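A.B. asks: Below you'll find the structure I mean.
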Amino acid sequence: MTEDTIGKKKGWFSRLKDGLKRSSTALSGGIGDIFVKRKLDAATIEELEDLLIMSDLGAAVSRAVCEKLSKNRFDKEIAPEEVQAALAREIAEILRPVATPLNIEADHKPYIILMVGVNGSGKTTTIGKLAKKFQKEGKSVMLGAGDTFRAAAIEQLQVWGDRNKVPVVSGKVGSDAAGLAYDAIQRARAENSDILMIDTAGRLQNKSHLMAELSKIIRVIKKQDEAAPHATLLVLDATTGQNAVQQAKVFQQAADVSGLIMTKLDGTARGGVLVSIAEKFDLPIHAIGVGESIDDLQSFDADDFSKMLVGLEI
Amino acid sequence: MFDSLSDKLGGIFDKLKRRGALKEADVRQAMREVRVALLEADVALPVVKDFIASVTERAVGQEVMKSVSPGQMVVKIVNDHLTEMLGSDTSGISLAAVAPVPILMVGLQGSGKTTSAAKIAKRLKEKENKKVMMASLDIYRPAAMEQLKILGEQIGVPTLPIIDGQLPVDIAKRAMTAAKLQGMDVILLDTAGRLHIDQTLMAEIIGVREAVTPHETLLVVDSLTGQDAVNVAQSFSDQIGITGVVLTRMDGDGRGGAALSMRAVTGQPIKLVGTGEKLDDIEEFHPERVASRILGMGDVVSLVEKAAETIEAAEAEVMIKKMKKGQFDFDDLRAQLRQMKKLGGMSSILGMLPGIGKAQKKMANANIDDSLLKRQEAIINSMTPMERGRPKLLNASRKKRIASGAGVSVQEINKLIKMQKQMAVMMKKMGKMGQGGGMPLPGQIPPGMEGLIPK
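From first to last, the protein sequence lines stand for chains A and B.
The opening residue of the first sequence carries number 78 in our numbering; numbering runs sequentially from there.
The opening residue of the second sequence carries number 1217 in our numbering; numbering runs sequentially from there.
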């Protein structure tokens, strides 16, 4: 999120905050409740741990964060804001190394982006939002309707194409997704597009035949351009619990995922599982979706996200 | 890395070895681990706490029965309690109302409402001979209405014609009228995905509810949902009022957690579970089965029922005759491989068998999966009919020919022959025993499958 967002920083922050506020209200309210006039004792730390667990940080990570927090402050009087700030710092430290914006390298043309993820995570919607963002940056975009499985998936992407006035390459329902990818690359080259985003069908990571199909799509793309796909983005649903870790692991193995986007952070789900994922895999987190409108895709900022997660203002 | 809940609990209870009454210290230690295991399986924290508290109370001081180990005793107590929490009986979709019975589907974005609506429609049509119509009230997501229409065509269920620009409440009313006029038994109303905190959209759905008074309001929830499941369930339940839950993506590997939370929070039964990509892949929810599956005690009943549905009676009869004679050639093996594919492949079958959780994981690690079934079938397909009927014919040169025909190594052919031989021996034994004796005991690998599982 570069030039276009700097110009209206207030809008960016307020939107992000609106989205994440709901996520953090419960958590921060909870912390406030715990720490008014209290010592940081074992029982309090356990309650704090519970609060992190409830934001999907997972049992192990929640424990680790709390242990670090309590090391120097155990048995001391501590104000709620101080705990929140310290907690945010601990979490931000884990997230900072992976907070990397999606960088479109101009020396690849078309820059090929493959979108992958489980069913219903928000791949197609994210493509629609990204298309708008890239267009605003003055790039020409083309979309490939690679979800040839789900009913009306092609039509859904077509609507996003129409909204953004970008061409959509599509085939027949039930046709080979790898073939569609091939066609899309051919056309993006012929029309000199800067960026080609290829949608894929949602698949659960434990279905080996579907993961093999994904590998095939990538093989076909590589035959066209050895460096491609230049970005393979895994779309994670913030509502998902610890299974998101498994999704990141398996998709990384099968599709060589290059980065993550987390959607649906405008609900009450807090997406704390990103902290586990950041600890376990060296996967850049590019962006988060904080609303339904086309502008609601924001770049991922470790400090803001961590502060919001523990209920601090940014 | 992420063990399934059943593996974890299995591991924990293996440690409890002492006999006599269950000591509080032992139980508490086991429960600490149960807590972590449940949390990592995404069971909501408040539900976990309730569960641990009551199960601890129940377990402490209980005399361990002579025939079981303390670990098994705790598993039994935990299992009983889990089953209770999940709901003590099976509850299907109720159609006991004046036709057309309106069924409303609600849930978050991407939870699987539209696909579930089509699966339910197909089920009602085929299993209960109902005349079903579907209507999409999703005016927001691009091509959502189109999606339902296409699904309707695929399953032969009519959908309400799409009129652009109509509001959800009006579509719902129009759907009721159309269903009435066409003499439908059921009208399934699919709605747009919405956040439970989006007041505008929640008000919209309340409007729909008031317009059609649905007999069933089903909350569709992704079984991979994390801690947020509590908030979602609570909000939808409080604001709209739901009569049941449909749990989707139960074929994923994040099994259990949300299922446990849902019933506890909403007080409503889980009526159906989505188990795959095909429109047939929807099943009734059986609390006792899911509880025992979670605890690693397998889901034997489920497997038997599923097999009964798939295996055609005629085929079974031929099989029994052969079994009595103690014959089992490659034609039979091929038939069985195909049967297994129909059942949802190795991994899904193994998941249902007791004690196989660990073996299944081994298989996953060794990258042995359903493609093995395909390869084995290819090997059999590369044999001549005579070879299939008389496995003894297979000498070295025939094996070589088959190997090149199927694109595999001779080693793989040998493995398959070994499997066929083992099966033949089993069949002979079973034939002698007459009826029964078919199901393996819990913890045992089913006959003939040993070859498929790496040591």
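Note that CB positions come from ideal geometry on N, CA and C, so glycine has one too.
Only a predicted model underlies this, so the values are computations on that prediction, with no experimental measurement involved.
1) Could you pull the start and end residues of the beta strand (DSSP E) that Q375 (chain A) belongs to?
2) To which residues does DSSP link P1318 (chain B) through a beta bridge?
3) So which residues of chain B does E144 (chain A) contact, with C-beta pairs closer than 7 Å?
4) Taking A1359 (chain B) as the query, report the chain A residues whose CB atoms sit under 7 Å from its CB, ordered along the chain.
5) Buried or exposed for T1600 (chain B), going by 16 or more other Cβ atoms inside 10 Å?
6) Listed from N- to C-terminal order along the chain, which residues in the stretch 179 to 198 of chain A have their beta-carbon within a distance smaller than 9 Å of any beta-carbon of chain B?
7) D276 (chain A): beta carbon under 6 Å from a heavy atom of the ligand FAD?
8) Please say whether K357 (chain A) and D314 (chain A) have beta carbons closer to each other than 7 Å?
9) When the distance is taken between beta carbons, is A325 (chain A) closer than 7 Å to D1709 (chain B)?
10) Does the beta-carbon distance from H1431 (chain B) to A1257 (chain B) come in below 7 Å?
11) Could you please give me the residues that DSSP links to V218 (chain A) through a beta bridge?
12) Just to confirm before moving on: does the CB-CB distance between I189 (chain A) and P361 (chain A) stay below 7 Å?
13) Would you mind stating whether K1598 (chain B) and G1621 (chain B) have Cβ atoms separated by less than 7 Å?
14) Taking Y259 (chain A) as part of the alpha helix (DSSP H), name the residues at either end of that continuous run.
15) Taking Cβ-Cβ distances below 8 Å as the criterion, which residues of the stretch 326 to 342 of chain A are in contact with chain B?
16) Tell me the residue span of the alpha helix (DSSP H) that contains G238 (chain A).
17) Please name the residue, chosen from B:A1360, B:I1421, B:S1451, B:M1289, that lies closest to K1389 (chain B) on a Cα-to-Cα basis.
18) Against chain A, does T1441 (chain B) count as a neighbour if the rule is that its beta carbon must be under 7 Å from one of theirs?
19) Just the Cα atoms here: how many angstroms apart are L1324 (chain B) and V1436 (chain B)?
20) As a quick exercise: from B:G1381, B:G1277, B:D1414, B:T1464, pick the residue whose alpha carbon is nearest that of G344 (chain A).
21) Please check the pair D1401 (chain B) and K1346 (chain B), which I expect to be a contact at CB under 8 Å, by giving their CB distance rounded to whole angstroms.
22) Name, going along the chain, the residues of the stretch 131 to 142 of chain A whose beta-carbon falls closer than 8 Å to a beta-carbon of chain B.
23) Between B:E1344, B:A1394, B:L1476, which lies nearest to M1350 (chain B) when the distance is taken from Cα to Cα?
24) For chain A, check one thing: does any of its Cβ atoms lie closer than 7 Å to the Cβ of G1372 (chain B)?
25) Per DSSP, what kind of secondary structure is G1368 (chain B) in: helix, strand or coil?
26) Taking buried to mean at least 16 other C-beta atoms within 10 Å of its own C-beta, is L1383 (chain B) buried or exposed?
27) Listing by chain order, which chain A residues have their CB less than 9 Å from the CB of S1327 (chain B)?
28) Could you tell me whether the Cβ of N1630 (chain B) comes closer than 7 Å to any Cβ of chain A?
29) Hey, how far is the Cα of P1376 (chain B) from the Cα of A163 (chain A)?
30) Comparing the C-beta of Q1363 (chain B) with each C-beta of chain A, is any distance below 7 Å?
31) Taking only three categories from DSSP, how would you classify A1360 (chain B)?
32) Considering only residues of the stretch 327 to 364 of chain A, which uninterrupted alpha helix (DSSP H) runs meet the minimum length of 4 residues and lie entirely inside it, listed in chain order?
33) Among the candidates A:R240, A:A331, A:S247, A:A165, whose CA atom is the shortest distance from the CA of H286 (chain A)?
34) Suppose you measure from the CA of D302 (chain A) to the CA of T309 (chain A); what does that come to, to the nearest Å?
35) Write down every uninterrupted run of the alpha helix (DSSP H) in the stretch 1411 to 1466 of chain B whose length is 4 residues or greater and which is fully enclosed by it, in chain order.
36) Helix, strand or coil for L1238 (chain B)? Go by DSSP, reduced to three states.
C.D. replies: In short:
1) As a first step, residue 375 (chain A) must be located in the first sequence, where it is residue number 298. First-last of the beta strand (DSSP E) with Q375 (chain A): 374 to 376.
2) The residue labelled residue 1318 (chain B) in the question sits at position 102 within the second sequence. BP columns for P1318 (chain B) point to B:I1403.
3) Start at 1 with the first residue of the first sequence, and residue 144 (chain A) comes out as number 67. The contacting residues do not exist; E144 (chain A) stays about 15 Å from chain B at best.
4) Here residue 1359 (chain B) corresponds to residue number 143 of the second sequence, with the count starting at 1. Simply A229, E232, Q233, V236.
5) In the second sequence, counting from the first residue as 1, residue 1600 (chain B) sits at position 384. T1600 (chain B) comes out exposed.
6) V195, N196, G197, S198
7) The ligand FAD is absent from the structure shown, which contains no ligands of any kind.
8) Indexing the first sequence from 1 puts residue 314 (chain A) at position 237. Indexing the first sequence from 1 puts residue 357 (chain A) at position 280. In this structure, K357 (chain A) does not lie closer than 7 Å to D314 (chain A) by Cβ.
9) Because chain B here runs from 1217 to 1671, residue 1709 (chain B) falls outside it and cannot be looked at.
10) As a position in the second sequence, residue 1431 (chain B) is number 215, starting the count at 1. As a position in the second sequence, residue 1257 (chain B) is number 41, starting the count at 1. Taking 7 Å as the Cβ cut-off, H1431 (chain B) and A1257 (chain B) do not qualify as a contacting pair.
11) Locating residue 218 (chain A) in the first sequence gives position 141, where the first residue counts as 1. Answer is A:I272.
12) Here residue 189 (chain A) is taken as the residue at index 112 of the first sequence, counted from 1. Here residue 361 (chain A) is taken as the residue at index 284 of the first sequence, counted from 1. No, the Cβ-Cβ distance between I189 (chain A) and P361 (chain A) is not below 7 Å.
13) Working through the second sequence from its first residue, we reach residue 1598 (chain B) at position 382. Working through the second sequence from its first residue, we reach residue 1621 (chain B) at position 405. Inspection of the sequence shows that residue 1598 (chain B) is occupied by Ser rather than by Lys. Taking 7 Å as the cut-off, the Cβ atoms of S1598 (chain B) and G1621 (chain B) count as close.
14) Locating residue 259 (chain A) in the first sequence gives position 182, where the first residue counts as 1. Per DSSP, Y259 (chain A) belongs to the alpha helix (DSSP H) from 254 to 267.
15) K326, K341
16) One-based indexing of the first sequence puts residue 238 (chain A) at position 161. Where G238 (chain A) is concerned, the enclosing alpha helix (DSSP H) stretches over 230 to 241.
17) Position 173 of the second sequence, counted from the start, is the residue given in the question as residue 1389 (chain B). Distances from the CA of K1389 (chain B) to each of B:A1360, B:I1421, B:S1451, B:M1289 were compared; the closest alpha carbon is that of B:I1421.
18) As a first step, residue 1441 (chain B) must be located in the second sequence, where it is residue number 225. For T1441 (chain B), the answer is yes, since a Cβ of chain A falls inside 7 Å of its Cβ.
19) Taking the second sequence and counting its residues from 1, one reaches residue 1324 (chain B) at position 108. Taking the second sequence and counting its residues from 1, one reaches residue 1436 (chain B) at position 220. Those two C-alpha atoms are separated by around 8 Å.
20) By one-based count along the first sequence, residue 344 (chain A) stands at place 267. That would be B:D1414, whose Cα lies nearest to the Cα of G344 (chain A).
21) Numbered from its first residue, the second sequence carries residue 1401 (chain B) at position 185. Numbered from its first residue, the second sequence carries residue 1346 (chain B) at position 130. At roughly 4 Å, the Cβ-Cβ gap stays under 8 Å, so D1401 (chain B) and K1346 (chain B) are in contact.
22) M131, S132, D133, G135, A136, A137
23) Stepping through the second sequence from its first residue, residue 1350 (chain B) is reached at position 134. If we check each option's Cα against that of M1350 (chain B), B:A1394 comes out closest.
24) Your numbering for residue 1372 (chain B) matches position 156 in the second sequence. It does not: the Cβ of G1372 (chain B) has no partner Cβ on chain A nearer than 7 Å.
25) In the second sequence, residue 1368 (chain B) corresponds to position 152, counting from 1. Helix, per DSSP.
26) Along the second sequence, one-based indexing puts residue 1383 (chain B) at 167. L1383 (chain B) comes out exposed.
27) For the purposes of this step, residue 1327 (chain B) is taken as residue 111 along the second sequence, with counting starting at 1. S1327 (chain B) reaches chain A at G197, T316, counting residues in chain order whose Cβ is nearer than 9 Å.
28) The residue given as residue 1630 (chain B) occupies position 414 in the second sequence. Not one beta carbon of chain A lies nearer than 7 Å to the beta carbon of N1630 (chain B).
29) If you number the second sequence from 1, residue 1376 (chain B) lands on position 160. If you number the first sequence from 1, residue 163 (chain A) lands on position 86. In the sequence as presented, Pro is not what sits at residue 1376 (chain B); that position holds Leu. The alpha-carbon atoms of L1376 (chain B) and A163 (chain A) are separated by roughly 56 Å.
30) As a first step, residue 1363 (chain B) must be located in the second sequence, where it is residue number 147. Answer yes: the Cβ-Cβ gap between Q1363 (chain B) and chain A drops below 7 Å somewhere.
31) Position 144 of the second sequence holds residue 1360 (chain B). Reduced to three states, the DSSP call for A1360 (chain B) is helix.
32) 350 to 357
33) For the purposes of this step, residue 286 (chain A) is taken as residue 209 along the first sequence, with counting starting at 1. Minimum Cα distance to H286 (chain A) is reached at A:A331.
34) Counting from one through the first sequence, the residue named residue 302 (chain A) turns up at place 225. Counting from one through the first sequence, the residue named residue 309 (chain A) turns up at place 232. Approximately 14 Å between the Cα atoms of the pair.
35) 1415 to 1428, 1445 to 1455
36) Reading the second sequence from its first residue, position 22 is the one you call residue 1238 (chain B). If DSSP states are grouped into helix, strand and coil, L1238 (chain B) belongs with coil.
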